[in-house]
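Number 32 in our numbering belongs to position 32 of the sequence shown; there are no gaps in the numbering.
What follows is a single structure, written as structure tokens, with notes after it.
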Amino acid sequence: MDEGDYSRRLHTQVLYDKQSVIRALQATEIPWSEEERMRLGKESFHNLYNFKLEEGFDLTKEKVPQRLMEAETHAGRLDP
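Next comes the structure, spelled out in structure tokens:
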């Protein structure tokens, strides 16, 4: 995926608020509490970030695509 594809992909992703995600996950009928779902989300995030660090990812070298800053979210526009 080239930089343009990556930028377009980020631009098309929608950012959801916590309650919308919880309601969507409840539709799976997996009997997890909100706390269990939050724990799983945090664990997944940390596992992915640790993998990136192990593979040489350097956040200080990353640039936020301008189009991401133009995207509307449930909380308004993102502030760089």
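Think of the CB as a built atom: it goes at the ideal place given N, C-alpha and C, for glycine as much as any other residue.
On a predicted model such as this, the values are computed, not experimentally measured, just so you know.
In the DSSP assignment, the alpha helix (DSSP H) including Ile-22 goes from what residue to what residue? Looking at the DSSP string, the run of the alpha helix (DSSP H) that includes Ile-22 is 18–26.
In three-state DSSP terms, what is Glu-55? Here Glu-55 sits in coil by DSSP.
With a Cβ-Cβ cutoff of 9 Å, do Leu-48 and Arg-37 count as a contact? The criterion of a C-beta distance shorter than 9 Å is not satisfied by Leu-48 and Arg-37.
I think Leu-78 touches Met-69, with their Cβ atoms under 8 Å apart; what is that distance to the nearest whole Å? 6 Å between Cβ atoms; contact.
Between the C-alpha atoms of His-74 and Gly-56, what's the straight-line distance to the nearest angstrom? Going by the C-alpha atoms only, they are around 33 Å apart.
Using DSSP with H/G/I as helix, E/B as strand and the rest coil, what is Glu-62? Secondary structure at Glu-62: coil, using DSSP grouped into helix, strand and coil.
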